[in-house]
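Numbering (the working numbering), first residue to last: 13 to 227. Glycine is no exception: its CB is placed at the ideal position from the N, C-alpha and C atoms. Worksheet: one structure, shown below.
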């Protein structure tokens, strides 16, 4: 990987950064994104199936989110910040033990709070929890794949395009709202005439269906 190649991916850094610049200083986010890009350039292993675009996207986004999470934690009410951390830790624990992404109901059951509360806290944080198995996971990451399709990057995922096209109309509408139009679950619920809990549950089922079809 050369410096010239890095320059070719500055557009990707700007694309990711621009989505979150209302949450933190743009220059700080851009610098963090460039750190992520440089890390990706250093660590990328071309012998693996993951494309460099995919790999770089994960590292760039991960570094950007670190800055946002730090800034957000400083301004978030202490009780909300604490609960957000507990939800994240519970989600990670359940993912490891179940071997799959936990549902919001399962997280709420473990924490002893309502499912609506879990969804509300998740929506108050940076990105959809249900899609990212790990910010910096080398393996397949569905959120980034869907986002990259919309951004026009060639990431070799025609199977995913076909899987999305094969969804029922109502399922495609939900995926379009959440990941192409970047709506929150609350906004999606209002648009589709559903409750937030219904959106969360249906989204989880759709994502599991997509993972199964392209695995």
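What residue does the alpha helix (DSSP H) around residue 185 start on, and which one ends it? 181 to 187
By Cβ distance below 7 Å, which residues in the same chain neighbour residue 75 in space, the five residues on each side in sequence not counted? 44, 45, 47, 48
Going by DSSP in three states, residue 23 sits in which element: helix, strand or coil? helix
Is it right to say residue 115 is buried, meaning 16 or more other beta carbons lie within 10 angstroms of its own, or is it exposed? Under this definition residue 115 is a buried residue.
Tell me whether residue 100 sits in a helix, a strand or coil according to DSSP, three-state version. helix
Which residue marks the beginning of the alpha helix (DSSP H) containing residue 119, and which one marks its end? For residue 119, the uninterrupted alpha helix (DSSP H) segment begins and ends at 116 to 123.
Would you check if the distance between the CB atom of residue 208 and the CB atom of residue 125 is smaller than 9 Å? A distance of 9 Å or more separates the beta carbons of residue 208 and residue 125.
Return helix, strand or coil for residue 126, following the three-state DSSP convention. coil
Could you give the first and the last residue of the continuous alpha helix (DSSP H) run that contains residue 45? 38 to 55
Reduced DSSP secondary structure (H/G/I, E/B, other) of residue 210: helix
Answer yes if the stretch 57 to 74 comes into contact with the stretch 13 to 32, meaning at least three C-beta pairs across the two stretches below 8 Å, and no otherwise. yes
Use the C-beta contact count for residue 29: other C-beta atoms within 10 angstroms, 16 or more gives buried, fewer gives exposed. buried
Give a yes or no on whether the minimum CB-CB distance between residue 187 and chain C is below 9 Å. Looking at the structure shown, chain C is missing, and only one protein chain is on hand.
Just the C-alpha distance for residue 96 and residue 199, rounded to the nearest angstrom, thanks. 20 Å
Figure out for me which residue from 221, 176, 120 has the closest Cα to the Cα of residue 103. 120
For residue 134, does the three-state DSSP call read helix, strand or coil? Three-state result, residue 134: helix.
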